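Peer 1: When we follow our numbering, the leftmost residue of the sequence shown carries the number 30, and every step to the right adds one.
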Amino acid sequence: MTVTSSRTTPATSTPEGAPRRRARRPIRWSRGATYTALVVGLLLTLMPFIWMALGSFKTQGELLQRPITWWPQNPTLDNYERWLSQLNYGQYFTNSIVVAVAVVLGNIVFCSMVGYALAKMSFPGKRVLFALVMLTLMVPGVVTLVPMFVLVSNMGLVNTYPALILPFLAGPLGVFLMRQFMLGIPDALIEAARIDGAGEFRVFFRIVLPQCGPPLATLSILTFLGSWNNFLWPLVVAQTENMYTLPVALSLYSVGSNGTYYGLLMAGSVLVVTPILILFLFLQRYFVQGIAMTGIK
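(1) Could you give the first and the last residue of the continuous alpha helix (DSSP H) run that contains methionine 207?
(2) So, is serine 1 buried or exposed, given that buried needs 16 or more other C-beta atoms within 10 angstroms?
(3) To the nearest angstrom, report how far apart valine 232 and leucine 245 are at their CA atoms.
(4) Closer than 8 Å is the cut-off here; do at least three beta carbon pairs connect the region 245–263 with the region 63–82?
(5) Under the rule that 16 or more other beta-carbon atoms within 10 Å means buried, what is tyrosine 121, buried or exposed?
(6) From the DSSP output, in three-state form, read off valine 284 for me.
(7) Give the single residue among Arg314, Ser298, Ala296, Asn271 whose Cα lies nearest to the Cα of glycine 119.
(8) Just the Cα atoms here: how many angstroms apart are alanine 222 and leucine 116?
(9) Please state whether the Cβ-Cβ distance between phenylalanine 197 and valine 266 is less than 9 Å.
(10) Starting from threonine 327, follow its DSSP beta bridges and name the residues at the other end.
(11) If you draw a straight line from the C-alpha of tyrosine 145 to the C-alpha of proline 215, how long is it?
(12) Between which two residues does the alpha helix (DSSP H) containing threonine 247 stretch?
(13) Would you kindly work out how many angstroms separate the C-alpha atoms of tryptophan 112 and valine 175, rounded to a whole number?
(14) Are the Cβ atoms of proline 101 and phenylalanine 78 separated by less than 9 Å?
(15) Leaving aside the five residues before and after valine 162 along the sequence, list all residues of the same chain whose C-beta is less than 7 Å from its C-beta, in chain order.
(16) Can you name the residues that DSSP bridges to threonine 289?
(17) Let me confirm a value: alanine 278 is counted as buried when at least 16 other C-beta atoms fall within 10 Å, else exposed. Which label applies?
(18) Within its chain, find whatever has a CB closer than 7 Å to the CB of threonine 105; leave out the 5 residues flanking it on each side and keep chain order.
(19) Taking the straight line between their C-alpha atoms, what separation do you get for glycine 84 and asparagine 103?
(20) Just tell me which of Val237, Gln209, Ile194, Thr63 has its CA closest to the CA of isoleucine 219.
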């Protein structure tokens, strides 16, 4: 007796090998709204910089006229010419570069050393020392301004490069950043180097430091930015024109007894901001990577 199956093939089934139609995904309006909000936020962020760059090519009269104009009616390079030829811009730029580079190199070396000691070495008072480092993050820089000036003055360093550099050779933020990253380096790697007879300095410079590229780039950008834009301390200790940094010169020469020279101020601001933008464009990949890899452990 032949038994027939009662099952039937569904009408919606597709033949084997036939292409399947993909279900249409609904339009995600939230993604479009997010991109729109980001674009608007970007434009609002860039607007002051665009206004500053365009204003640097305007005359004083055009900057003061109402209604305001976005594009320069009579573009001029007088503001830049005055900075580059009359106001000794080269000396101010050199001072800022020397101070910023020295401070960056000092932070790279000393913050890395302290971070390594706090992350990978055992010694009495380690927790107390780290707590003190974290507490210094909460102390405003203005509080230490007078004691630092008295100390520098007693050492006879006022109006010198050491006065501009030495107080900032190591910072608590850099120590914290390097310590947090070095906590992620395997202890077995360091112990193996010690067993092979390597000293602590060799372990630090040959094993640990080469692995710290992203946090070092992040530390370099943050330190360079802070040193380049530092205004109050150089204003106090730099007492002659040949020791002025760019922010100090920008403040002193853009504001006169008869008013503010807005064109000169904007041109100087462009000259101050441009090196930082160039540095960030070259190191932005390492900066983002360093921030992402440096977590709280």
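Glycine is no exception: its CB is placed at the ideal position from the N, C-alpha and C atoms.
For clarity, every value in this text was computed on a predicted model and none was experimentally measured.
Peer 2: Let me lay it out:
(1) Counting along the chain, the alpha helix (DSSP H) containing methionine 207 begins and ends at 201–211.
(2) Past the boundaries of the shown model lies residue 1; the chain is included only from 30 to 326, so the question cannot be answered.
(3) Note on geometry: alpha-carbon atoms of valine 232 and leucine 245 lie some 17 Å from one another.
(4) Not touching, per the Cβ criterion.
(5) Classification of tyrosine 121: buried, given that the 10 Å Cβ count is 16 or more.
(6) Strand at valine 284.
(7) For glycine 119, the closest of Arg314, Ser298, Ala296, Asn271 by C-alpha to C-alpha distance is Asn271.
(8) For the pair alanine 222 and leucine 116, the Cα-to-Cα distance works out to about 55 Å.
(9) Contact check for phenylalanine 197 against valine 266 fails: the beta carbons are separated by 9 Å or more.
(10) Limits of the chain in this structure are 30 at one end and 326 at the other, which puts residue 327 out of reach.
(11) Their backbone Cα atoms lie some 13 Å apart in a straight line.
(12) In the DSSP assignment, threonine 247 falls within the unbroken alpha helix (DSSP H) covering 242–257.
(13) Approximately 32 Å, taken between the alpha carbons.
(14) Not closer than 9 Å, so no.
(15) Excluding positions up to five away in sequence, the list reads Pro201, Val204, Phe205.
(16) Beta bridge pairing from DSSP links threonine 289 with Val284.
(17) Answer is buried; the Cβ neighbour count reaches 16.
(18) Contacts found: Phe86, Thr88.
(19) CA-CA distance, glycine 84 to asparagine 103, rounds to 11 Å.
(20) Ranking Val237, Gln209, Ile194, Thr63 by Cα distance to isoleucine 219 puts Val237 first.
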